[in-house]
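Following: one structure in structure tokens, then a few remarks.
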Amino acid sequence: MEAVLPAKWAPLAAGVLAVVLIVVVALILRKVAHRLITQVVRRASSGTGGGLAGRLRGRQTVQPEGLDAVAAERRRQRAETIGSVLRPLASILILGTAGLTVLDRLSIPIAPLLTSIGIVGVAIGFGAQELVKDFIAGMFMLLEDQYGVGDVIDAGAAVGTVEAVTLRITRLRDADGRVWYVRNGTITRVGNESQGWSRATVDVPVAYTADVPAVRELLQRVAEEIWEDSAFRDIVIVEEPQVWGIEQISDTAVVFRISAKTIPSHQAEVARELRLRVKAALDREAITIAG
Amino acid sequence: MEAVLPAKWAPLAAGVLAVVLIVVVALILRKVAHRLITQVVRRASSGTGGGLAGRLRGRQTVQPEGLDAVAAERRRQRAETIGSVLRPLASILILGTAGLTVLDRLSIPIAPLLTSIGIVGVAIGFGAQELVKDFIAGMFMLLEDQYGVGDVIDAGAAVGTVEAVTLRITRLRDADGRVWYVRNGTITRVGNESQGWSRATVDVPVAYTADVPAVRELLQRVAEEIWEDSAFRDIVIVEEPQVWGIEQISDTAVVFRISAKTIPSHQAEVARELRLRVKAALDREAITIAG
Amino acid sequence: MEAVLPAKWAPLAAGVLAVVLIVVVALILRKVAHRLITQVVRRASSGTGGGLAGRLRGRQTVQPEGLDAVAAERRRQRAETIGSVLRPLASILILGTAGLTVLDRLSIPIAPLLTSIGIVGVAIGFGAQELVKDFIAGMFMLLEDQYGVGDVIDAGAAVGTVEAVTLRITRLRDADGRVWYVRNGTITRVGNESQGWSRATVDVPVAYTADVPAVRELLQRVAEEIWEDSAFRDIVIVEEPQVWGIEQISDTAVVFRISAKTIPSHQAEVARELRLRVKAALDREAITIAG
Amino acid sequence: MEAVLPAKWAPLAAGVLAVVLIVVVALILRKVAHRLITQVVRRASSGTGGGLAGRLRGRQTVQPEGLDAVAAERRRQRAETIGSVLRPLASILILGTAGLTVLDRLSIPIAPLLTSIGIVGVAIGFGAQELVKDFIAGMFMLLEDQYGVGDVIDAGAAVGTVEAVTLRITRLRDADGRVWYVRNGTITRVGNESQGWSRATVDVPVAYTADVPAVRELLQRVAEEIWEDSAFRDIVIVEEPQVWGIEQISDTAVVFRISAKTIPSHQAEVARELRLRVKAALDREAITIAG
Amino acid sequence: MEAVLPAKWAPLAAGVLAVVLIVVVALILRKVAHRLITQVVRRASSGTGGGLAGRLRGRQTVQPEGLDAVAAERRRQRAETIGSVLRPLASILILGTAGLTVLDRLSIPIAPLLTSIGIVGVAIGFGAQELVKDFIAGMFMLLEDQYGVGDVIDAGAAVGTVEAVTLRITRLRDADGRVWYVRNGTITRVGNESQGWSRATVDVPVAYTADVPAVRELLQRVAEEIWEDSAFRDIVIVEEPQVWGIEQISDTAVVFRISAKTIPSHQAEVARELRLRVKAALDREAITIAG
Amino acid sequence: MEAVLPAKWAPLAAGVLAVVLIVVVALILRKVAHRLITQVVRRASSGTGGGLAGRLRGRQTVQPEGLDAVAAERRRQRAETIGSVLRPLASILILGTAGLTVLDRLSIPIAPLLTSIGIVGVAIGFGAQELVKDFIAGMFMLLEDQYGVGDVIDAGAAVGTVEAVTLRITRLRDADGRVWYVRNGTITRVGNESQGWSRATVDVPVAYTADVPAVRELLQRVAEEIWEDSAFRDIVIVEEPQVWGIEQISDTAVVFRISAKTIPSHQAEVARELRLRVKAALDREAITIAG
Amino acid sequence: MEAVLPAKWAPLAAGVLAVVLIVVVALILRKVAHRLITQVVRRASSGTGGGLAGRLRGRQTVQPEGLDAVAAERRRQRAETIGSVLRPLASILILGTAGLTVLDRLSIPIAPLLTSIGIVGVAIGFGAQELVKDFIAGMFMLLEDQYGVGDVIDAGAAVGTVEAVTLRITRLRDADGRVWYVRNGTITRVGNESQGWSRATVDVPVAYTADVPAVRELLQRVAEEIWEDSAFRDIVIVEEPQVWGIEQISDTAVVFRISAKTIPSHQAEVARELRLRVKAALDREAITIAG
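Protein chains in written order, with full-length UniProt numbering: chain A, 1 to 291; chain B, 1 to 291; chain C, 1 to 291; chain D, 1 to 291; chain E, 1 to 291; chain F, 1 to 291; chain G, 1 to 291.
Spelled out as structure tokens, the structure:
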């Protein structure tokens, strides 16, 4: 090069060359970073490996067969959602660095630019904490697969069926039809009612004068009947309901408790059925409910 | 240029040239930035593409036909509102940088200026966190289309009909006519009652001595009657109301629950109608309400 | 100049010249800044343009005629209040910068000064966050015209009639005559009861044994009577009162609700009148109130 | 000077001269600053000018005559209290800067000193935030004249009569004789019961069976009697008491409300007198109170 | 010196001299600082001068004679406690600066040292905020003499008799014998029950049917009797007890209130005595207490 | 080397050499660090040594024999979990430093890179605080062995059986089958119900008229009977149950309390059995329960 | 040295020498620091001197004889616990500084290393605040000897017997057998029930119709009897129990209170015994308890 160009052009040529080089390297790095992100995220959310994701999730839910396709799709979506945030971040980091390096190489002063960016950056940075918090919380929720669309969850601020999960918010619909938008960063604990099983608990207050063993036996019979009922056994109830005995001797009644394990999210239905049957049985035997 | 001017003017001429150049570049950059913002915001809030906006919103509400024009207008307003904040921000960033670069190029010391700005900036910066938080929260609320003018929402601090949404605050009018100004940053979760459907829930406490199957049947008849009533069916009630059975055996009554899915925000009206009809039916059959 | 003075005086002369120049420029800049602030603030709070203010306020309240003068005066005061804070801020910024530049130009070391200011500044800065927060909140409240002197507002910490609004605090007088000073920054949401209309809501508990249709009809008659009363219709009540039906079947009563839209802040008065008339009507018909 | 001393002493002489100059300038500046503070504070707290103080206070209380001397004394004390904090602050700032400049001029390295001060300063700075917050809050409370010694205030943490106001704390004595020290920075809102007027509110629950118009008339008579009583009219009661009608139809009673405007802090006394007279009147007419 | 030593030793000698000088100056400064602290603290806590301490305390409690020795001892202890924290702080500041200056003078690089200290310092600094907060709060509490050993205080977290006050914590013993350690920084307001006087308040609920004037007279007699009792008058009760009249017409009773000013911390004892006498008096007159 | 290569290649060769050296050293350091972490963590969580771990845990639970294998496995898992977080952290620290050193050695400007990283880093750093807090809390929970899979804990946000512990979250399943994800950093205190023993407490309210010594004796007999029952003694109950006497003389009953120490997590079962037996015994003796 | 080695080796030799010197000095300093820490901590926690520890603890508990050995052991453990944290901290500080100085001396660039450490450090620093807070709180708790193993304390989050105290957490076991881990930094106040004495308080509600002097006398007799009982006097009760008179005239009863000072942590036992005896005495005299 030194031979071809006159000496006075040499620095300029070198500068152009450097700039081109920087840009090319940056573009390649960006490509590599995107690919890396895609792979890592996919592996992390696939959960088959025993890697970070497995450790983050730390669970081996026994999932009914036939759900594999659903789970695979949910995995794919999770990977996509997380990647869609990490990729632009990587781009900004790499291209920003490249841009500043080019300006620096061309001897254009970057201090004023940095000052401007810095002031605006800090000003926004403080206010954006919550935003970043939401995104980080969302990313880990997805990686740990805490809940998915269709699950019934208790997010503290609202309880309902998940309709959508993004990195920033979770959208729920509660029992009254209200649609809730909850920021992920404000969810400190989540209760998922759609995993494994639920429990229906029915409290039956009877008068002090009632005959305890008789009531107990009667409740036991109700529990057995519902378990023998083919509309419930193994369909919504997964274990024979149990009579837990006297839960409380309050100042107005002796309270018995019946408990039944059900498939997820059907506990209310089973509890109502149990109450109906208990009431009918108590009426038949003329046992007075507390009063 | 070197030929035309005497040597001693050369630096000055170069300086003027540089300043002009900087100003021109800054103005062009600003124009480009504004356009970019307009496009990005419009696309983000149009929601037709599967881009960031779609991912942010993450929903495919089934909207009744005829609402397209309304939705389009709402989209346009959203884009306008967001753009009106981002554009001045870009201007300040670009023109500020240009200004500092010009001063620097003219060898005017900018350190004292930066110091002054810095001290005032930090002083205000701390206090302005809340402001930035409000704006960021407002921007995402708009992008995610959490609610719009006319929706009935529960914003935590207040419940009412949205009258206006700006980037900083949401204005509501509650049922008592009170107008609420709620800062967007203080809204951690929003419940929107105007999306899809609402549910009317009516609890009917009856005395312990009541005949459970009879009450149940009676409530079922009331549910069917209102569903057959052409003033309600498919007008405000969207599904046949259901009798959910015994919700609670409290220490004073056996509580039955009826539930009806209604069009959004008409649940109170339907619930009142149901109560009227249930009371009338119970009176007819001489069934005692709890007491 | 070079001709007039001996060479050794030249730097001094140049220094004096520079200082004079800096001071003059600073004074001019300050003048310009003040004027700019006056104009921007006036326009922002006038609300006629569709500019930032309109977007910030985002509302088109239908205001009764005759209030134009009041509104104009309120606007003028708002502009004055905001300007009175922004102007000294601009002065400090511009004159501070000029002072530091002069010292720097005169080769007086400013590092120790900056250190002193910095340490005191940071020490105070942390503690002054709340102050700045109050001022920013106050400025936006004024710009958005959330409330003015004479409005009845619910500021969370206190409910009452606004007696004064400054940038830092809002002064209220509650119903018991207590004067409240509320820092603007602690007001996260404001409920203004003096805009548009208010609603009087009266709950009437009647015994379970009462005849529902009869009660309903009776309440309807009371509603009509008050609407026909020339002392109320269109004077304090702006719409015919409505009987909303059974609001609740509680464990002690069947609760009916009557609702009436009134002019702002007269809901309590109307509610009391309604209660008086309802009680009289029930007594006439010998319908037992819950008990 | 150059003539008198040998050349080698020149720098030393210049140094001494510079140090003397710095010290003199600093002392003069300090004097000026103190005077300025005294004037500004006095003017700010005098409230006669329409300046910052007026804007901060934003009120024109109609004060009874004869209080001018008291108010003037209170103003003087306020000015003194604020000045006693601002003056040492200005001294530290000016003398500290002068000290550092002298050290710097004498080529004594100040970096280690600044490091030590910085580390200790930051360590303390974080913890002292609350202290600065208290002082700033106290300063504005005094400037805005929110309350003074002798006022009965509700400071949130405690309610009582103000016994002392300093910049850091407010000392109250509550009705039980407890002395409360409340940090000014923890007071987010203050309710002052000693400004203008107070309201005595008396609720009278009567049985459902009571004759509403008769009760109302009776209460009206009681209100008139107390207003005619020369021991109350214009002495403690400032307006004729009003019967507001039925405040609530609760599930146990029909509640009437009487309201009377009193001079500040005498509402409890008036309310007790009203209750005595109402009870006596009801007994005379044999109207049953709720039960 | 230049004459005695060979030229090559000169810098070394100068270095040693400088180090010795620095150490000597530092030790003198430390001595001076300690003395200054002792004096300032003693004066501040003596409260005789009208200086900062007086302004901080802002009170002129009328203290019974004979307490002078106790108060003087308490003052001395306070001064000692505060000084014991400020003195080591001054030592660290002065000796640390001296150490760094010596290292710097000896051309030993101090940057790595500062880096290490800085990192550890910041790490601890954040966590130590609370500690500094406690110490600052404790120092002001002592300076303002908010409470001392033996006072009964309400510190929010606990109520009891002060057993010890250090800069970091206050130790209380509550009525149940529990010993409480409360961090001074967590005390936002303190209620001291041992200053001046306390008030005993006794509420007497009587049946609706009771004769109000008769009850009032009877309570008045009880109040006079206890005031005439030499075991109470001026011993524990400092003013004649007052009958305040009807405090409330609740839904179950008419509530009368008697109030008595007592010496500090004896209100419970007086209230119990009053209740005993009231009960006895009511029994004598056969007036039914509410029920 | 100087001999083999022409002089102009020397710097390049030195550079390459330096880079290789840096990389090699970094890789070795990383290896060493990983090994060190593995060892330290294993030792820390083994708890056999009296080192930091012992001091952190500070407990010597008497564990039933046969649990050694379980405990060893739990220890191994804990060590693995902690190591899996510390190792990548060490890698990033060492390799990042190496990378920057290489760039610096090759005279590639790293300032722009640092700027970019810094801005992104701070932006994320603020938001990631919570994340780091969770990880630190998790690490110490594991080191201190506060709970493990299978324990029943009260984590404040939720109570249930631990299903998984990761560094960021703890997964519980509550009694109703709900699965809770609780962030470790939000757990300020943990109550573990599965260590050592639990206590069943049964309150028995009896009527005022009951004969206290008789009731006491009867309860004592019930306590003895259950202790003699081979299904409970030493199986679930670990000490003879005690009758604690009258716990409260409330306004409706005299409340007796029986207490029984059980094996962990079986207190509810024992309490129910006790209630059944007490009720039966009271019925036999015809002692009335409160009412 | 200059004579032995060729000139070109001199700098290297000097470097090696410097490094050796630095390492040696660092090791000596570390040794000294460790010893200093051991001494200071031991003295601080021994509490015999009147130094910082005495001032921090600020108490002179009268401890029963025989506890000296226990106290000495507790002191030794405290010193050990605190030292085990301070020693590694000192090591890190001294060795870290030495390491950086060595690198600097060898002209190895340390800026990249500092950058890496700084970024990781700040990232972790924010999250580790809570950790440092816990440790500082724990250290002061130990120094002030607020509680020890075996004490019954109220830590806010949990109440129970202390089982272990480490610098980060306190382990308690509550009455139900639950083991609580409470982070020291979250404990803002501690109530220790095991120091000096406890008080048993028994409230006895008697009917309105009861004869007050008779009840009082009867309670007095019960108090005397238990004091005469050799199983209680001076064994668990340390002062003759007192009858405090009528604590409250509530709307359902006249409540008497008996109070007894007991040895620490035996108040519940004494209260139960008192209730038993009071109930028996009331039964004997046929005085009706409230109802």
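We put the CB at the ideal spot given by N, CA and C, even for glycine.
Predicted model, so just to flag it, every value in this text is computed and none were measured.
Residue i, buried or exposed, once every other Cβ within 10 Å from all chains shown has been counted against 16
{"i": "Glu247 of chain A", "result": "buried"}
{"i": "Pro213 of chain A", "result": "exposed"}
{"i": "Leu274 of chain B", "result": "buried"}
{"i": "Gly185 of chain A", "result": "buried"}
{"i": "Lys133 of chain A", "result": "buried"}
Same chain only: Cβ atoms within 6 Å of residue i, ignoring 5 sequence neighbours per side
{"i": "Ala157 of chain C", "result": "Val182"}
{"i": "Val179 of chain D", "result": "Arg173"}
Sheet register partners of residue i (DSSP bridge)
{"i": "Thr161 of chain G", "result": "G:Val152, G:Arg173"}
{"i": "Arg87 of chain D", "result": "Its beta-bridge partners do not exist; DSSP assigns none."}
{"i": "Ser259 of chain G", "result": "G:Thr201, G:Gln242"}
Sequence-distant residues of the same chain with beta carbon closer than 8 Å to residue i, five excluded per side
{"i": "Leu142 of chain F", "result": "Ser45, Arg78, Thr81, Ile82, Val165, Leu167"}
{"i": "Val25 of chain B", "result": "Ala98"}
Within-8 Å CB hit, residue i to chain F
{"i": "Val158 of chain G", "result": "The sequence given here has Ala at residue 158 of chain G, not Val. By this cut-off, Ala158 of chain G is an interface position."}
Span of the beta strand (DSSP E), counted from its first residue to its last, around residue i
{"i": "Arg183 of chain E", "result": "179 to 183"}
{"i": "Arg189 of chain B", "result": "189 to 192"}
Boundaries of the alpha helix (DSSP H) in which residue i is found, first to last residue
{"i": "Val215 of chain G", "result": "212 to 228"}
{"i": "Glu144 of chain D", "result": "Looking at the DSSP string, Glu144 of chain D is not in any alpha helix (DSSP H), and its letter there is neither H nor E."}
Neighbour flag for residue i against chain B, beta carbons, 8 Å
{"i": "Arg189 of chain C", "result": "yes"}
{"i": "Ala128 of chain A", "result": "yes"}
Proximal residues to residue i (C-beta, below 7 Å), its chain only, five neighbours per side dropped
{"i": "Ala210 of chain C", "result": "Val254, Ile287, Thr288"}
{"i": "Ile37 of chain F", "result": "Gly83, Leu86, Arg87, Ala90"}
C-beta neighbour in chain D for residue i, strict 8 Å
{"i": "Gln220 of chain E", "result": "no"}
CB contact below 8 Å: residue i versus chain G
{"i": "Glu217 of chain F", "result": "no"}
Contact with chain A by residue i, beta-carbon distance below 8 Å
{"i": "Gly49 of chain B", "result": "In this predicted model, Gly49 of chain B has a pLDDT of only 39, less than 50, meaning its place in the structure is not dependable enough to derive any value."}
is_contact[residue i, chain E] using C-beta, thresh 8 Å
{"i": "Tyr181 of chain G", "result": "no"}
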